[in-house]
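Numbering of the sequence shown is given in the UniProt record's numbering, commencing with residue 1 and proceeding in unit increments. Backbone N, C-alpha and C fix where the C-beta goes; we use that ideal spot for every residue, glycine too. Notes follow the structure.
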Amino acid sequence: MLLPYNTVYQRSIENPEEFWGEAAEKLHWFKKWNSVLDTTNPPFFRWFAGGVTNTCYNALDRHVDEGRGNETAIIYDSPVTNQKQRYTFREFRDIVSLFAGALQSRGVRKGDRVIIYMPMIPEAVVAMLACARIGAIHSVVFGGFASHELAVRIDDCKPKVIISASCGIEHSKIIDYKRLLDFAIELAHFKPEICIIKQREQLKAELNEDRDLTWQQSLLGAEPAQCVPMEATDPLYILYTSGTTGQPKGIVRDNGGHMVALKWSMEHVYNVKPGEVFWAASDVGWVVGHSYIVYAPLLHGCTSIIFEGKPVGTPDPGTFWRIVSEYNVSVLFTAPTAFRAIKKEDPNGLFIKNYDLSGFRTLFLAGERADPDTVKWAEQKLSVPVVDHWWQTETGWAIAANCQGIEPGPTKYGSASRAVPVYNVKVVNQEMEELSPGQMGDIVVKLPLPPGTMLSLWKADNRFVESYMTRYPGYYQTSDAGFIEEDGYIHIMSRTDDIINVAGHRLSTGSIEAELCEHPDVAESAVIGVADDLKGEVPLGFLVLKSGVDTPHSQIIKHVVEYVRENIGPVASFKNAIIVDRLPKTRSGKTLRATMRKIANCDEYVMPATIDDPAILDEIKIALQTIGYAKQKKQNR
């Protein structure tokens, strides 16, 4: 029987040390902690101070030692290369320990940094866990990231070794990773000692004899490495997220609190049991991949899937259902944008009917706000609960969710449900006054943050405090805006910089987008605020239509304008929308609204480092120009 949500939540808030102390007992410690929570240096709170453990041991060796070594740990499925592979916990432990020994033989020690720049292949996960095994701090950079951005990260974390591959594959396109890496090293001031390159059949890389080794060469003469005991508060990894100044922020995660929080989340947020198959359809370059492809499933003893492909086009919009059926996936976690892509290509869900999904239990969505239309579509087509939950790179796991391992509440479309136990979430105004239920404002979380969240920023403690802890003293500033209902349901409406001010009325882009997506021909939408001489800002919509739509565009635009006027009101001043083929997005699926707004207003902008396809911005600019935007800036604006 599941425990009542209110009981678990109140206990977590009133006695967090007892709460997390019990959770930590389910993992292996070489030495138990001195205190569950160290509050001596706020806001630099530390969990399980004095404890000694190893994350890799808990993810792999522990299961082997407990008699589960022959169970499947990792499934690799690559429709772009037609490869499939399964690894047991014992097999994967042996592969990881040998590669960890190879790193040690090349001089990598506890505290050294290692950049991992790889596609979604097993070696990427091997490299991450090998670093964790010997205490090296890994920093995964999304495979195919631009050379300049990779160079910035090289200079910031100063890696002793870079691990990469000769190429990545996106649909049928081969991306030359080695060329990008070589140029990044040329641009960087700091130079790594060694680069280890996994040669792939699709494109062989030329190696620098003085610096580069193939993956196989690196293993020659290596001995398997044992797990290095790590302080719970020692860094496990650095993960860079975009900064508002253009300088990326290196989020630092610890060993002890991270593994305790993620294992707890698998049971209580996702309701997954050891031995079940959990699939996070993301990439190890993003926080979802770190937390829920690599660490959480393995820490909990689940089977995790490494998927090298896309939700559509590899080869069709049935790819996800083929994976779920073939491997008997219990829980799928992906981004709303993936489902919008599937819905666009297969609006009637015909491909779903081709597969046996009887073992599929729950769909989780995160990454950006899941519009109600997409959630309803998924519910109707899949006949399983669809859980939109909210979290950030900085937190590492969910802040709000309809926790399936605790008594779940009803689904409320447009809401990320209630705060996950241990997160004390508030909505405040600019004067830091807590707002009444239903009032929109800035969303903050009371300190200390729970385990698993960021320790600080890499070599930038002052920036950490200024970025997250200064605007609202005693609280973590999420930079998300929304409201909380009387019953505690949290609505994340937009980033705070996506709030638009129409004649003094603060409106969220998310609320307008939800109305646009109610139109039966609309697959997805985005709304930005454009400058207006009278009202300051007015909203402008972008619509991507479902495949096969033959309704006149002017009629669709007329209808969505009516929807917004009827359901949000004339105050929104929503009078215009553009139909486009696609929206500009990051590789993780977030729509680049801020960049679109700058283009529309003729403001200067920098090409986002994480953009999936830069050519889309030119398409957006042309579309904007057809209705009078993105032209020379007006003198009075």
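Counted as a single uninterrupted DSSP element, the beta strand (DSSP E) harbouring C195 occupies residues 194–198.
Bounds of any beta strand (DSSP E) do not take in W390, whose DSSP letter is neither H nor E. Runs of the beta strand (DSSP E) spanning 3 or more residues and lying entirely within the stretch 302–349 occur at 303–307, 329–334, in chain order. For the beta strand (DSSP E) assignment, the uninterrupted runs of no fewer than 3 residues enclosed by the UniProt domain "Acetyl-coenzyme A synthetase N-terminal" (5–59) are, from N- to C-terminal side, 35–38, 46–49. Positions of the alpha helix (DSSP H) runs, each at least 4 residues long and wholly inside the UniProt domain "AMP-binding enzyme C-terminal" (512–590), are given as 553–567 in order along the chain. In this structure, the CA atom of N429 is about 58 Å from the CA atom of E223. By a beta-carbon distance limit of 8 Å, P372 contacts Y413. Their separation comes to about 4 Å. Per DSSP, the continuous alpha helix (DSSP H) segment holding M266 begins and ends at 256–268. Taking the Cα positions, A609 is about 12 Å away from A151. Apart from the 5 residues on each side of it in sequence, G69 sits with its Cβ closer than 7 Å to the Cβ of H63, T88, F89, R90 in its chain, given in chain order. Across the structure, E518 and H559 are spaced so that their CA atoms are roughly 10 Å apart. A261 is positioned such that its CB atom lies no closer than 8 Å to that of F333. Here S164 is bridged, per DSSP, to Y117, I197. When the five nearest sequence neighbours on each side are left out, the beta carbons in the same chain lying within less than 8 Å of the beta carbon of V269 are those of H389, W397, A398, A401, C403, Q404, G405, V420, in order along the chain. In the three-state scheme derived from DSSP, where H, G and I count as helix and E and B as strand, Q202 is classed as coil. For E379, the three-state secondary structure derived from DSSP is helix.
Taking C-alpha positions only, R179 is separated from V8 by approximately 51 Å.
In the same chain as G50, and ignoring 5 residues on each side of it, the C-beta atoms closer than 6 Å to its own belong to W33, N34, in chain order.
Within the same chain, V114, I134, A136, K160, V161 come within 7 Å of V108 by CB-CB distance, once the 5 residues on both sides are set aside.
The three-state secondary structure of M493, taken from DSSP, is strand. Between V527 and L543, the CB-CB gap reaches or exceeds 8 Å. When DSSP reads this structure, I500 sits in a beta bridge with L507. Burial of P451 is indicated by the presence of at least 16 other C-beta atoms within 10 angstroms of its C-beta.
Counting C-beta pairs with one atom in each stretch, the stretch 353–369 and the stretch 525–541 have fewer than three that are closer than 8 Å, which means they do not touch. For G441, DSSP records a beta bridge to G482. The residue among K84, R93, K459 with its C-alpha nearest the C-alpha of C56 is R93.
Setting aside the 5 residues that flank it on each side, A24 is surrounded in the same chain by F48, V260, each with a C-beta closer than 7 Å to its C-beta; the list follows chain order. Judged by DSSP secondary structure, W279 falls within the beta strand (DSSP E) whose first and last residues are 277–280. Only residues of its own chain outside the window of five on either side were considered, and among them W321, K381 have a CB closer than 6 Å to the CB of I352, listed in chain order.
Taking 8 Å as the cut-off, the beta carbon of L37 is found no closer than this to the beta carbon of F44.
Taking a contact to require three or more Cβ pairs closer than 8 Å, the stretch 275–289 and the stretch 110–129 qualify as touching. In the pairwise beta carbon analysis, the stretch 192–211 is classified as touching the stretch 166–182: at least three pairs are separated by under 8 Å. Minimum Cα-Cα distance from I500 among the listed residues Y237, V80, G441, P552 corresponds to G441. Assignment of I251 by DSSP, reduced to helix, strand and coil, places it in the strand class. Contact between Y327 and I305 holds, since their C-beta atoms are separated by about 6 Å, short of 8 Å.
Note on S547: under 16 other CB atoms within 10 angstroms of its CB, so exposed under the neighbour-count rule.
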